[in-house]
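2 protein chains.
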Amino acid sequence: MPSALPSPWTLIPGGITSPAGFRAAGITAGLKVSGNPDLSLLLAPEGAVCAGTFTTSLVRAACVDLCAERLRARGGRARAVLTNSGQANACTGERGLADSLTATAALAARLGLEPDDVLICSTGVIGVPIPMPTLLAGFEPLTAALAADQAAGDAAARAILTTDLVDKQIALEADLGGRRVRIGGMAKGSGMIHPAMGPPQATMLGYLSCDAGVAADLWQAMVSRAVDRSFNAITVDGDTSTNDTFLAFAAGEPLGHEHLEALEACLTAVSQHLARAIARDGEGATCLIEVQVEGAASDADARVIARTVCGSSLVKCAVHGRDPNWGRIVAAAGRAGVPITPGAVALWLGPHQLMAAGQPLAFDRPAATQYLRERAAAPYLQDDIVAFRLLVGNGRGSGLAWGCDLSEQYVRINADYTT
Amino acid sequence: MPSALPSPWTLIPGGITSPAGFRAAGITAGLKVSGNPDLSLLLAPEGAVCAGTFTTSLVRAACVDLCAERLRARGGRARAVLTNSGQANACTGERGLADSLTATAALAARLGLEPDDVLICSTGVIGVPIPMPTLLAGFEPLTAALAADQAAGDAAARAILTTDLVDKQIALEADLGGRRVRIGGMAKGSGMIHPAMGPPQATMLGYLSCDAGVAADLWQAMVSRAVDRSFNAITVDGDTSTNDTFLAFAAGEPLGHEHLEALEACLTAVSQHLARAIARDGEGATCLIEVQVEGAASDADARVIARTVCGSSLVKCAVHGRDPNWGRIVAAAGRAGVPITPGAVALWLGPHQLMAAGQPLAFDRPAATQYLRERAAAPYLQDDIVAFRLLVGNGRGSGLAWGCDLSEQYVRINADYTT
């Protein structure tokens, strides 16, 4: 749940299919050796405005290029997005693009759409092509499973996962000028998480649906701003993926301009919820770390500092060890590459102030340690947040970033992933 | 040992005291609870040209500022450097500077030097001041132990260590125009290692001595170039320290200009040896990772790519798991932030080529895995190198970086450092 739900929005059960005008499906096609669900489809039968943000990595999968190209060609509109999990189809050469084209063409034919109406996202092992006969054989049961209910949304949200422990969904609803508007979303991601997405360019994958219509260019701008404050503000391991993609669909009657601000607040809240859920589900993580930076020269600078602290291996290990080792936080802030005023630095861990004016305070170490322990002892919960607040100067810039602790389990998971 | 010793230099036993004109000492003053040696002194009794490079972190210890300031004030000359290990004396406010001033003044008086002749480096826990009475009481036995022999150099090299497993020393000798010239060095560092040092600005600490005289500005330029190709090209955990410092002393009769190129080659080789030794001694590491990048737009770009690959948690875990997961290497190169040509990427692991033209090759996986295993099975050795060679395009830029694998032991060490 978002830390603060923007007014007038309320949380409702559901996800990607909660807004009107969207159908979804998720099945097991057999792409994964594990036998877990691996094929997901989101469909806007009447069409939708679609804004995309994509990885800025120079080594990116052909499916990412294809999404960006089709959205550009169609002026920011799309009707469907297919997601296969198990194979990232990155570094697969010309075959990568050919397979993405074949898959979307075959799916479009089955859905009665143009190939350009269909987008594709892939996630899994890099360098491994998609087993195409298995993929194509999955289209019949996949399209047969399409539905607008929550069960279909749940299935779609599960089928995009790879090393994730839990699915990530949310839906919010508001009355805007007498009209019920809903935004739903789903996402996946657990490792290789340090999204750096630009406008019309994560292997985080995120999908959002909205049943209010917004002009394509306006929607893209709103989505890009929301992504900067959510997915681009999380880190699990500092590794930006070849396939990171966020696609936000808006379909329905146009919404009055007087409600766009409320809509963007919801868009940001939904994106932040999904981003935080990815950080919390970081490989081997036992808690979510939230760093709030204030007093920076700009909001962008504040986000850079906050994400640098979240990404520090030493900070992550200290949190894992339930050790209020504040020195590592300040050291990370100092190397973030943006201006800070060391003599003005103040730091809080939850309710405990650890530093003031650049120097350590005589804080209650057992209580601070207890604060950290309580958040780890809780069962898997998206609200088990270790919160740091860091004042870095007298500027007006503030920003948030999210990450997770670094555990021995992270090493075990990643020392033996392909073999 | 440097991978390729530059001509006409030969390796000799020894370290910081091998060049003529330098004396050193290392003792246990009681600054560390462990009872390990913790106070180190390097002295150039006749004075020396001294070039320094210091951390670019905005949060840096007062001792770093003091070193930079004194070198500037004295036109790049110094006579002694004191190193205390156990307390970083960073984030200690005004007391930090006052203690650094008191320490150097007291030591200068004992040595018959001006305070400005004496530099100070501190390493250990951030936010903890130096126990001054213990430090000051250590000066008598420290100065009494000063000697020019190898035992004194060994003692000095051991007293600068914190979480290091081994000391790091090297000495090279050459005949330059009929004159015997020696360069010696020592360093420490195991965690919070991702130096980013600028000219007249690393908790890696490195010290170098040379018994040939070079003009101060020329020496600083040579040292800065060597640091960019050595200490600034290693990473253990991506965390740049508040105290990183490299100090290079040159004392003796001026060396003819025709020999400066050979001298700089040695300076670079000594710095690279020490830097590699730090990376190999990275907290929890079981091997050294060396990444050689070729075909980049510039040497600087090549070093950025090489260091990004070395710093990738996923690459580090794959190496730890002895898993030739090449996709992670290419993904890291793609996000390095400098131009590469994905379609031209080729990759070798030792003698095994894993990729060509941006695509995976059908390589001998058991042999590649065996290559990785052999390098881990060896006992602690600075030559157990996992070597990657990465071609990223058709440019003329090439560069090297060094790192280490990420183990469960790294997490255990850092989850419980202050408590």
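Read top to bottom, the protein sequences are chains S and F. Mapping of the first sequence onto our numbering: residues 61 to 479, in sequence order. Mapping of the second sequence onto our numbering: residues 61 to 479, in sequence order. A virtual CB, placed ideally from N, CA and C, is assigned to each residue, including glycine. All figures in this text were calculated on a predicted structure; none of them were measured in a lab.
Next item on the list: Report the option in F:G75, F:A406, F:L307, F:R340 whose CA atom is closest to the CA atom of F:I253.
Entry: Counted from its first residue, the second sequence places residue 253 of chain F at position 193. Of the listed residues, the one whose Cα sits closest to F:I253 is F:R340.
Note to self: Quick check: F:G459 and F:A396, are their CB atoms within less than 8 Å of each other?
What the structure shows: Your numbering for residue 459 of chain F matches position 399 in the second sequence. Your numbering for residue 396 of chain F matches position 336 in the second sequence. No, the pair does not count as a contact, with Cβ atoms beyond the cut-off.
Margin query: Within 10 Å of its beta-carbon, does S:E318 have 16 or more other beta-carbons around it, so buried, or fewer, so exposed?
Written below: The residue given as residue 318 of chain S occupies position 258 in the first sequence. Label assigned to S:E318: exposed.
Next item on the list: With DSSP as the reference, please indicate the residues paired to F:Q147 in a beta bridge.
Entry: Position 87 of the second sequence, counted from the start, is the residue given in the question as residue 147 of chain F. Partner(s): F:V185.
Margin query: Using 8 Å as the threshold, is the C-beta distance between S:D98 and S:S145 below it?
Written below: Within the first sequence, numbered from 1, the residue matching residue 98 of chain S stands at position 38. Within the first sequence, numbered from 1, the residue matching residue 145 of chain S stands at position 85. Result yes, Cβ atoms of S:D98 and S:S145 sit closer than 8 Å.
Next item on the list: Starting from S:P193, trace the alpha helix (DSSP H) both ways and give me its first and last residue.
Entry: In the first sequence, counting from the first residue as 1, residue 193 of chain S sits at position 133. For S:P193, the uninterrupted alpha helix (DSSP H) run begins and ends at 192–197, by DSSP.
Note to self: In this structure, how does DSSP classify S:F82 when only helix, strand and coil are distinguished?
What the structure shows: Counted from its first residue, the first sequence places residue 82 of chain S at position 22. Reduced to three states, the DSSP call for S:F82 is coil.
Next item on the list: For S:C377, return the contacting residues in chain F, with the cut-off set at a CB-CB distance below 7 Å.
Entry: Looking up residue 377 of chain S in the first sequence gives position 317. The answer, in chain order, is V471, N474, A475.
Next item on the list: Could you please tell me which residues of the stretch 237–266 of chain F, in chain order, have their CB closer than 9 Å to any CB of chain S?
Entry: G251, M252, H254, A256
Check: What three-state label does DSSP hand S:W279 in the structure shown?
Finding: Working through the first sequence from its first residue, we reach residue 279 of chain S at position 219. The answer is helix: DSSP assigns S:W279 an H, G or I state.
Notebook entry, point to check: With distances taken between CB atoms, is the gap from F:G266 to F:T223 smaller than 8 Å?
Noted result: Numbered from 1 along the second sequence, position 206 holds the residue referred to as residue 266 of chain F. Numbered from 1 along the second sequence, position 163 holds the residue referred to as residue 223 of chain F. It is not a contact, given that the beta carbons lie outside the stated cut-off.
Check: Going by Cα to Cα distance, which pick from F:S117, F:D177, F:M246 is closest to F:P73?
Finding: Taking the second sequence and counting its residues from 1, the one referred to as residue 73 of chain F is at position 13. Comparing Cα-Cα distances from F:P73 to each of F:S117, F:D177, F:M246, the minimum goes to F:M246.
Margin query: Just to confirm my understanding: we take S:L167, look at its own chain, exclude 5 residues before and 5 after, and list those with CB closer than 6 Å. What are they?
Written below: The residue given as residue 167 of chain S occupies position 107 in the first sequence. So the qualifying residues of the chain are L142, V178, F199.
Checklist line | Range of the contiguous alpha helix (DSSP H) that encloses S:G394 | finding: Position 334 of the first sequence, counting from 1, holds the residue named residue 394 of chain S. S:G394 -> alpha helix (DSSP H) spans 386–394.
Margin query: Quick check: what's the CA-CA separation for S:V471 versus F:E321?
Written below: Mapped onto the first sequence, residue 471 of chain S falls at position 411. Mapped onto the second sequence, residue 321 of chain F falls at position 261. About 44 Å.
Check: What residues from chain F crowd round S:R120, counting only those whose CB sits closer than 9 Å?
Finding: Locating residue 120 of chain S in the first sequence gives position 60, counting from the first residue. Contact note: S:R120 reaches chain F through G394, P402, using a C-beta cutoff of 9 Å and chain order.
Notebook entry, point to check: Can you list, in chain order, the residues of the stretch 413–430 of chain F whose Cβ is nearer than 7 Å to any Cβ on chain S?
Noted result: G418, Q419, P420
Notebook entry, point to check: What is the DSSP secondary structure of S:T152, reduced to helix, strand or coil?
Noted result: Locating residue 152 of chain S in the first sequence gives position 92, counting from the first residue. Correct three-state label for S:T152: coil.
Margin query: With a threshold of 7 Å (Cβ to nearest heavy atom), would F:D235 be considered close to the ligand ZN?
Written below: For the structure depicted, the ligand ZN is absent and the ligand set is empty, with no information on it obtainable.
Next item on the list: Might you give, ordered along the chain, the residues of its own chain that have their beta carbon closer than 7 Å to the beta carbon of S:A165, omitting 5 neighbours on each side?
Entry: For the purposes of this step, residue 165 of chain S is identified with residue 105 of the first sequence, where counting begins at 1. Cβ neighbours of S:A165 beyond the five flanking positions: P175.
Item checked: Neighbour list for F:A391 in chain S, Cβ cutoff strictly below 8 Å -> What you label residue 391 of chain F is simply residue 331 of the second sequence in a count that begins at 1. The contacting residues are S117, V119, A150, I186, M252, D299, T300, S301, T302.
Next item on the list: Excluding the 5 residues preceding and the 5 following S:A406 in the sequence, name in chain order all residues of the same chain whose CB lies nearer than 6 Å to its CB.
Entry: As a first step, residue 406 of chain S is located in the first sequence; it is residue number 346 there, counting from the start. A distance below 6 Å between beta-carbons, with the five flanking residues on each side excluded, links S:A406 to the following residues of its chain, in chain order: M415, A416, L451.
Check: For S:A262, which of helix, strand or coil comes out of DSSP?
Finding: As a first step, residue 262 of chain S is located in the first sequence; it is residue number 202 there, counting from the start. Low local confidence applies: a pLDDT of 38 at S:A262 is under 50, so the model's placement there is unreliable, and no value is given.
Notebook entry, point to check: What is the DSSP secondary structure of S:F45, reduced to helix, strand or coil?
Noted result: What the structure shows of chain S is the stretch from 61 to 479, and residue 45 of chain S is not part of that stretch, so it cannot be assessed.
Check: Looking only at C-alpha atoms, which of F:A275, F:M264, F:S301, F:F306 sits nearest to F:S284?
Finding: The residue given as residue 284 of chain F occupies position 224 in the second sequence. Comparing Cα positions, the closest option is F:F306.
Next item on the list: Use the C-beta contact count for S:N454: other C-beta atoms within 10 angstroms, 16 or more gives buried, fewer gives exposed.
Entry: Position 394 of the first sequence holds residue 454 of chain S. Under this definition S:N454 is an exposed residue.
Check: beta strand (DSSP E) containing S:T113: first to last residue?
Finding: In the first sequence, the residue the question calls residue 113 of chain S occupies position 53. Unbroken beta strand (DSSP E) run through S:T113: 99–115.
Item checked: Neighbour flag for F:G153 against chain S, beta carbons, 8 Å -> If you number the second sequence from 1, residue 153 of chain F lands on position 93. Yes, F:G153 lies at the interface with chain S (some Cβ there is under 8 Å from its Cβ).
Check: Is the Cβ-Cβ distance between F:V248 and F:L268 less than 8 Å?
Finding: As a first step, residue 248 of chain F is located in the second sequence; it is residue number 188 there, counting from the start. As a first step, residue 268 of chain F is located in the second sequence; it is residue number 208 there, counting from the start. In the sequence under discussion, the amino acid at residue 248 of chain F is Lys, which differs from the Val named in the question. Between F:K248 and F:L268, the gap from beta carbon to beta carbon reaches 8 Å or more.
Note to self: In the DSSP assignment, the alpha helix (DSSP H) including S:T300 goes from what residue to what residue?
What the structure shows: Against the first sequence, residue 300 of chain S aligns to sequence position 240. That residue, S:T300, is in no alpha helix (DSSP H); it is neither H nor E in DSSP.
Next item on the list: Thinking F:G107 and F:R139 are a contact (beta carbons under 8 Å), I'd like their distance in whole angstroms, please.
Entry: Residue numbering aside, residue 107 of chain F sits at position 47 when the second sequence is read from its first letter. Residue numbering aside, residue 139 of chain F sits at position 79 when the second sequence is read from its first letter. About 5 Å separates the two Cβ atoms, so the contact holds.
Check: Between which two residues does the alpha helix (DSSP H) containing S:H333 stretch?
Finding: The residue given as residue 333 of chain S occupies position 273 in the first sequence. 320–340 is the extent of the alpha helix (DSSP H) around S:H333.
Check: Using the beta-carbon of each residue, which ones in chain A are nearer than 7 Å to S:S467?
Finding: The chain labelled as chain A is not found among the protein chains of the depicted structure, namely S and F.
Checklist line | Sequence ranges, alpha helix (DSSP H) only - wholly within the stretch 201–268 of chain S, length at least 4 | finding: 210–219
Next item on the list: Out of F:I87, F:A150, F:V185, F:V287, point me to the one whose CA is closest to F:A111's CA.
Entry: Position 51 of the second sequence, counting from 1, holds the residue named residue 111 of chain F. Closest by alpha carbon: F:V287.
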